[in-house]
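Worksheet: one structure, shown below.
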Amino acid sequence: MRYWLLPLLIILLLLSCSKSDSKLEKNQTLGGFQGTPLPLIKINTRGKEIKDEPKISASLKIEANKEVIEEHLIGIEIRGSSSQMFEKKSYGFETWNENNEDLNTELAGFPKEEDWILYGPYSDKTLMRNVLIYQLSNNMGRYASRTDFYELEINDVFMGTYVLMEKIKRDKNRVDISKNKEENISGGYILKIDKTTGDGGELNEDIAFRSQYSPRGEFESYKNISFLYEYPKSNNITDSQKKYIQNYINNFETALFSDEFTSVENGYQKFIDINTFIDFFILNELSKNPDGYRISTYMHKDKGEKLKMGPIWDFNIAFGNVDYCDGASAFGWAYQFNNVCPNDSMQVPFWWNRFLDDPRFVIALKTRWNELRNDILATQTILSQVEILEEKLNSSNASYKNFSQWLILRKYIWPNSFIGGSYSIEINYFKDWILNRMDWLDTNIRLL
Numbered sequence: 002m003r004y005w006l007l008p009l010l011i012i013l014l015l016l017s018c019s020k021s022d023s024k025l026e027k028n029q030t031l032g033g034f035q036g037t038p039l040p041l042i043k044i045n046t047r048g049k050e051i052k053d054e055p056k057i058s059a060s061l062k063i064e065a066n067k068e069v070i071e072e073h074l075i076g077i078e079i080r081g082s083s084s085q086m087f088e089k090k091s092y093g094f095e096t097w098n099e100n101n102e103d104l105n106t107e108l109a110g111f112p113k114e115e116d117w118i119l120y121g122p123y124s125d126k127t128l129m130r131n132v133l134i135y136q137l138s139n140n141m142g143r144y145a146s147r148t149d150f151y152e153l154e155i156n157d158v159f160m161g162t163y164v165l166m167e168k169i170k171r172d173k174n175r176v177d178i179s180k181n182k183e184e185n186i187s188g189g190y191i192l193k194i195d196k197t198t199g200d201g202g203e204l205n206e207d208i209a210f211r212s213q214y215s216p217r218g219e220f221e222s223y224k225n226i227s228f229l230y231e232y233p234k235s236n237n238i239t240d241s242q243k244k245y246i247q248n249y250i251n252n253f254e255t256a257l258f259s260d261e262f263t264s265v266e267n268g269y270q271k272f273i274d275i276n277t278f279i280d281f282f283i284l285n286e287l288s289k290n291p292d293g294y295r296i297s298t299y300m301h302k303d304k305g306e307k308l309k310m311g312p313i314w315d316f317n318i319a320f321g322n323v324d325y326c327d328g329a330s331a332f333g334w335a336y337q338f339n340n341v342c343p344n345d346s347m348q349v350p351f352w353w354n355r356f357l358d359d360p361r362f363v364i365a366l367k368t369r370w371n372e373l374r375n376d377i378l379a380t381q382t383i384l385s386q387v388e389i390l391e392e393k394l395n396s397s398n399a400s401y402k403n404f405s406q407w408l409i410l411r412k413y414i415w416p417n418s419f420i421g422g423s424y425s426i427e428i429n430y431f432k433d434w435i436l437n438r439m440d441w442l443d444t445n446i447r448l449l
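Just remember that the numbering used here sits 1 ahead of the position in the sequence shown, which is counted from 1.
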């Protein structure tokens, strides 16, 4: 052999190995096909464009193993706020009858309803942050939206992996509260702390009301904490119902703000179901949800009962998936968001600092945390759930197909704090973050 050829052969061999490794990584981390494909949702709009609103009529089929198992008429629109800037859209849809009227329907094994969501994970490259936290909430006995993974086609165009979800609604299988009738307006209600679209200072009192207390616990009107009417809907709620629920929230906050706030007889405990607030706190802190407490924050009240927190909602930028306000760190409290980003337009109500000044609340929180850590929120239990979801997405080839359609694994998608080079690296980051977070919470809940 000519010795001058040896270096060239070595270089060619190394390049060949590199290409093989690249292919192997692709097969390993994006899920080379091993099992049954995810069921497929096929939507046909008959050539019409899906817009933000209004909903357009369409048909929906669900296929499993290429067999049609369900067919429905629907009205569909793009949904979301900041997520609308993404190429991969999320959709809200209603099941309709032939006259384009709402029709309560059992869909994909979920209990009857008319309102549904097809959530398209995009900035969440694990595809599973919402699915995991909703599972944990339901395991804790706190209703959260039922979810399942599907692939989606719209007008024969493949759109990737989606999560079929329930919308938060009042009914016996979701938020189980009474219909609110004039003869007894003490319930039910669903409220939401959230942005009010186009709120430039003047509040639209038809859709929301404001807290009388600022996030700092001062008695003043503070424009950035608004309670939106979710049920009864803003176009149905009466003046007497508005007055009742506004007075109830005001009385709760006044009692919490008062010097007697820890009193069982005269304090805040008269107005709220503490256990639901504690579980809400645990779920938002476990995930260090940067939107927790201040955006997409639901609460509800039934007839003759106290105010309850939940259901939880919207955790796609939780679990370290955000590059602002210290959200990437597995350390620190989510409820202290105001301390980290004091000038953010959406702030956390003063409630949570005040609760943690009450020894009874703290004792109940520690007791519940320890109970959950020995069972539902044991670290290995959570990681096992992550691995089950990962296996489902990999063995079905869904993760590979999703990231072949959306070439984003090596790209920054707002507001990513971490950019992995493969799906498996994204999952490993997710699991490592959970491990660090649980360790930090174990120490710091004990120190409260």
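From the three backbone atoms N, C-alpha and C, an ideal C-beta is built for every residue, glycine too.
All figures in this text were calculated on a predicted structure; none of them were measured in a lab.
State the beta-bridge partners of Met439 as determined by DSSP.
-> Met439 is not bridged to any residue.
Can you tell me where the alpha helix (DSSP H) with Arg411 in it begins and where it stops?
-> Where Arg411 is concerned, there is no enclosing alpha helix (DSSP H), because DSSP gives it neither an H nor an E.
Give the straight-line distance between the Cα atoms of Leu41 and Ser91, rounded to the nearest whole angstrom.
-> Roughly 16 Å between the two C-alpha positions.
Roughly how many angstroms lie between the CA atoms of Phe150 and Leu133, to the nearest whole one?
-> In this structure, the straight-line span from the alpha carbon of Phe150 to that of Leu133 is close to 12 Å.
List the DSSP bridge partners of Trp97.
-> BP columns for Trp97 point to Leu74 and Asp103.
Helix, strand or coil for Pro112, going by three-state DSSP, please let me know.
-> In the three-state reduction of the DSSP assignment, Pro112 falls in the strand class, which pools E and B.
Going by the CB atoms, is the gap between Trp117 and Glu167 shorter than 8 Å?
-> Yes; because the gap between Cβ atoms is below 8 Å, this pair is in contact.
Looking at the unbroken beta strand (DSSP E) that takes in Phe150, where does it start and where does it end?
-> Its beta strand (DSSP E) spans residues Thr148 to Ile155.
Among residues of its own chain, excluding the 5 on either side of Glu286, which ones have a beta-carbon nearer than 6 Å to its beta-carbon?
-> Answer for Glu286: Ala335, listed in chain order.
Beta carbon of Leu257, beta carbon of Phe228: below 8 Å?
-> Using a Cβ distance threshold of 8 Å, Leu257 and Phe228 do not count as a contacting pair.
Looking only at DSSP bridge pairs, what is Asn185 linked to?
-> According to DSSP, which records beta bridges pairwise, Asn185 is partnered with Lys182.
Inspect the CB distances between the segment 130-149 and the segment 311-329 and report whether three or more fall short of 8 Å.
-> With contact defined as three or more Cβ pairs closer than 8 Å, the segment 130-149 and the segment 311-329 are in contact.
Any idea what DSSP makes of Thr162, helix, strand or coil?
-> Shown here, Thr162 sits in a strand according to DSSP, grouped into three states.
Check each candidate in Gln337, Leu153 and Glu154 and name the one with the smallest Cα separation from Trp353.
-> The shortest C-alpha separation from Trp353 is found at Gln337.
So what's Leu448 in DSSP terms, helix, strand or just coil?
-> Leu448 falls in the coil class under three-state DSSP.
What does a CB cutoff of less than 7 Å around Glu261 pick up in its chain, not counting 5 residues either side in sequence?
-> Counting only residues of its own chain and dropping the five nearest sequence neighbours on each side, Glu261 has a CB closer than 7 Å to the CB of Asn267 and Gly268.
Hey, out of Ile75, Leu128, Gln406 and Ile44, whose CA is closest to Asp103's CA?
-> Of all alpha-carbon atoms in Ile75, Leu128, Gln406 and Ile44, the one lying nearest the alpha-carbon of Asp103 is that of Ile75.
Ser400, buried or exposed, once every other Cβ within 10 Å from all chains shown has been counted against 16 = By the 10 Å Cβ count, Ser400 comes out buried.
Alpha-carbon to alpha-carbon, Asn276 and Arg369 = Looking at the two C-alpha atoms, the distance is approximately 9 Å.
For Ser83, is the classification buried or exposed, using 16 other Cβ atoms within 10 angstroms of its Cβ as the cut-off for buried?
-> Counting Cβ neighbours within 10 Å, Ser83 comes out exposed, since fewer than 16 surround it.
If you follow the beta strand (DSSP E) that Arg211 is part of, which residue opens it and which one closes it?
-> From DSSP, the beta strand (DSSP E) with Arg211 extends over Ala209 to Arg211.
Strand pairing of Ile68, partner residues [DSSP] | Going by the sequence as given, residue 68 is Glu instead of Ile. As DSSP reads the structure, Glu68 sits in a beta bridge with Ala65.
Can the beta-carbon of Thr46 be found less than 8 Å from the beta-carbon of Ile57?
-> With respect to the 8 Å criterion, Thr46 and Ile57 are classified as neighbours on the basis of their beta carbons.
Nearest candidate by alpha-carbon position, reference Asp345, set Pro291, Leu384, Asn174 and Ser264 = The closest CA to that of Asp345, considering only Pro291, Leu384, Asn174 and Ser264, is found on Pro291.
Reference Trp415; option with closest CA among Glu203, Lys126, Leu390 and Asn205 = Among Glu203, Lys126, Leu390 and Asn205, the Cα nearest to that of Trp415 is on Lys126.
Extent of the continuous alpha helix (DSSP H) to which Leu41 belongs = Run containing Leu41: none in the alpha helix (DSSP H); it sits in the beta strand (DSSP E), Leu41 to Asn45.
List the DSSP bridge partners of Trp117.
-> The secondary-structure analysis by DSSP pairs Trp117 across a beta bridge with Phe94 and Glu167.
Among Asn156, Lys309 and Gly81, which residue has its Cα nearest to the Cα of Phe253?
-> Minimum Cα-Cα distance from Phe253 among the listed residues Asn156, Lys309 and Gly81 corresponds to Lys309.
Whose C-beta lies closer than 6 Å to the C-beta of Leu442 among residues of the same chain, with five residues either side of it excluded?
-> Nothing listed; no residue qualifies.
Classify Met86 as helix, strand or coil using the three-state DSSP reduction.
-> Here Met86 sits in helix by DSSP.
Roughly how many angstroms lie between the CA atoms of Ile1 and Ile428, to the nearest whole one?
-> A query on residue 1 cannot be resolved here, the shown segment of the chain reaching from 2 to 449 and no further.
What are the complete alpha helix (DSSP H) segments, minimum 4 residues, inside the segment 363-404?
-> Unbroken alpha helix (DSSP H) stretches of 4 residues or longer found wholly inside the segment 363-404: 380-396, given in chain order.
Taking DSSP as the reference, what is the three-state secondary structure of Ile79?
-> Assigned with DSSP and collapsed to three states, Ile79 falls in strand.
How many whole angstroms separate the CB atoms of Ile44 and Ala59, which I take to be in contact at a CB cut-off of 8 Å?
-> About 5 Å separates the two Cβ atoms, so the contact holds.
Using the beta-carbon count (16 or more within 10 Å), is Leu448 buried or exposed?
-> Exposed, because fewer than 16 other Cβ atoms sit within 10 Å of the Cβ of Leu448.
Just confirm the distance between the C-beta atoms of Gln348 and Arg411, as a whole number of angstroms; I'd bet it's less than 8 Å.
-> Between Arg411 and Gln348 the Cβ distance is about 35 Å, and since that is not below 8 Å, they are no contact.
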